[in-house]
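Read in order, the letters of the sequence shown correspond to residues 0 to 151 in numbering that gives the first Met the number 0. Beta carbons: idealized from backbone N, C-alpha and C, even for Gly.
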Amino acid sequence: MQAISVQQPWAFAIARGGKTVSNQGLPTAYRGPLLVHASMRVDLKACDSPLIQAAGWDPRDPLATIGAVIAVADLAHVCSAGAPGGPCDCGPWSERGAHHYHLANVRALPRPIVALGRPGVWEPKPGLVTEVNAMFAAATAAKATAAANQPS
Ligand SMILES: [Zn+2]
Numbered sequence: 000m001q002a003i004s005v006q007q008p009w010a011f012a013i014a015r016g017g018k019t020v021s022n023q024g025l026p027t028a029y030r031g032p033l034l035v036h037a038s039m040r041v042d043l044k045a046c047d048s049p050l051i052q053a054a055g056w057d058p059r060d061p062l063a064t065i066g067a068v069i070a071v072a073d074l075a076h077v078c079s080a081g082a083p084g085g086p087c088d089c090g091p092w093s094e095r096g097a098h099h100y101h102l103a104n105v106r107a108l109p110r111p112i113v114a115l116g117r118p119g120v121w122e123p124k125p126g127l128v129t130e131v132n133a134m135f136a137a138a139t140a141a142k143a144t145a146a147a148n149q150p151s
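The structure is reproduced here in structure tokens:
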């Protein structure tokens with residue numbers, strides 16, 4: 000398991016808004032599960048952008064927080080064609096001059112988990128990974144209980 004820190008409101012757009020490309024300054028050879036961490040800094044200009052509005056940006060949503068893990072995704076592949084400014088097919092979320100991390104199977108956390116982030120790709124502490132997994136397991140168990148208690 001690795002993690003990336005992303006500024007709000009972009010992190011929210013990944014967790015809730017179908018943003019499947021994260022623009023990063025450096026490439027990575029890592030593929031696999033990735034914690035999506037909302038960093039302490041906010042991209043204030045982006046909050047009014049049409050992309051973010053279309054993604055359903057809601058500052059009152061618990062996952063609009065900063066300094067916390069808010070989702071898990073699978074890092075499926077990385078496109079580096081756009082980094083030198085070249086064209087690519089990574090869609091509206093991709094920016095020129097960045098490496099495009101393609102995220103699949105995004106799972107928003109039921110609640111944010113406060114954590115310190117770092118720039119780029121970083122390795123989360125085992126305790127943090129355990130906490131994320133426990134939260135998903137509890138949510139799944141709660142859902143199963145609710146389904147079992149449904150009147151037929
Ligand atoms: Zn690309």
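{"Asked": "May I ask which residues mark the beginning and end of the alpha helix (DSSP H) holding G3?", "Found": "The identity of residue 3 in the sequence shown is Ile, whereas the question assumes Gly. From DSSP, I3 is part of no alpha helix (DSSP H) but of the beta strand (DSSP E) over Q1 to Q7."}
{"Asked": "Leaving out the 5 sequence neighbours to the left and right, which residues in its chain are closer than 8 angstroms to G81 when beta-carbon positions are compared?", "Found": "C87, C89, S93, E94, R95, G96, A97, H98 and H99"}
{"Asked": "DSSP state of C78, grouped into three classes?", "Found": "strand"}
{"Asked": "Please indicate yes or no: does the CB of S93 lie closer than 8 angstroms to some heavy atom of ligand 1?", "Found": "yes"}
{"Asked": "Would you call F160 buried or exposed, if buried means 16 or more other Cβ atoms sit within 10 Å of its Cβ?", "Found": "This structure leaves residue 160 out entirely; the chain is present only between 0 and 151."}
{"Asked": "Going residue by residue through the region 26 to 103, where are the continuous beta strand (DSSP E) segments of at least 3 residues, counting only ones entirely within it?", "Found": "31 to 41 and 67 to 78"}
{"Asked": "Nearer than 8 angstroms: is that true of the beta carbon of D88 relative to any heavy atom of ligand 1?", "Found": "yes"}
{"Asked": "Taking 8 angstroms as the cut-off, is the CB of A45 close to at least one heavy atom of ligand 1?", "Found": "no"}
{"Asked": "Check the DSSP bridge columns for R106 and list the partner residues they point to.", "Found": "V71"}
{"Asked": "Along the chain, where does the beta strand (DSSP E) containing N148 start, and where does it finish?", "Found": "Looking at the DSSP string, N148 is not in any beta strand (DSSP E), and its letter there is neither H nor E."}
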